[in-house]
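A.B. asks: Submitted below is the structure of interest, expressed as structure tokens.
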């Protein structure tokens, strides 16, 4: 998750107080009668929307973010968010998140990214039907294909010889993320890669 605006990424965990949960529940139910896990994700979505509105009002622009929801495993089992917010004023995250506690990490690296992205496909044995959602700015990861000397050129379409592997900064070889596939290959090329089993 490289920065797009030369600002540092801040690892965050955003939580909800019982009062905020009550207020947000009433707020989201004004439009839809959310129930169960849909209500948890609607609360998180509404809270992030309100946070971004407060941020824009103060800074006159939005803040780049990548957040994923999770349900607590302890006594409360409340929804909360993990993620990265790109800013050079991390104290403003605390100032504008008025829904509960904010945990600010000290740095962001590949381990941090792995930690937060694991929630996308996490199998929650306590909440088996729960599906986390991602709340993000558009274009996160978009710089991958903008680097003139980047590794992405190794993935250019070459028919059956196309290399669809991605090397992490630690050297691990993984499947090319879908976001990058969609940036690098045309729809026609993606269809051909499916047919050839690539």
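Numbering (the working numbering), first residue to last: 3 to 200.
Here a beta-carbon is modelled for each residue, glycine too, at the ideal position from N, C-alpha and C.
1) If you run the structure through DSSP and keep just helix, strand and coil, what is residue 178?
2) Is residue 104 closer than 8 Å to residue 14 when the C-beta atoms are compared?
3) Considering only their Cβ atoms, is the gap separating residue 84 from residue 121 smaller than 8 Å?
4) Thinking C-alpha only, which one of 189, 188, 165 and 190 is nearest residue 178?
5) Which whole-angstrom value is the C-beta distance of residue 175 and residue 167, which I expect to be below 8 Å?
6) Compare the Cα-Cα distances from residue 48 to each of 129, 62, 33 and 59 and report the closest residue.
7) How about residue 88 and residue 11: do their beta carbons lie closer than 8 Å?
8) Work out the CA separation of residue 123 and residue 159 for me, nearest whole Å.
9) Beta strand (DSSP E) containing residue 96: first to last residue?
C.D. replies: Let's see:
1) The answer is coil: DSSP assigns residue 178 none of H, G, I, E or B.
2) Contact flag set, yes.
3) For the pair residue 121 and residue 84, the CB atoms are nearer than the 8 Å cut-off.
4) Of 189, 188, 165 and 190, the residue nearest in Cα terms is 165.
5) Rounded, the Cβ-Cβ distance is 5 Å, consistent with contact.
6) Nearest C-alpha to residue 48: 33.
7) Yes; because the gap between Cβ atoms is below 8 Å, this pair is in contact.
8) CA-CA distance, residue 159 to residue 123, rounds to 29 Å.
9) Judged by DSSP secondary structure, residue 96 falls outside any beta strand (DSSP E) and instead within the alpha helix (DSSP H) spanning 93-98.
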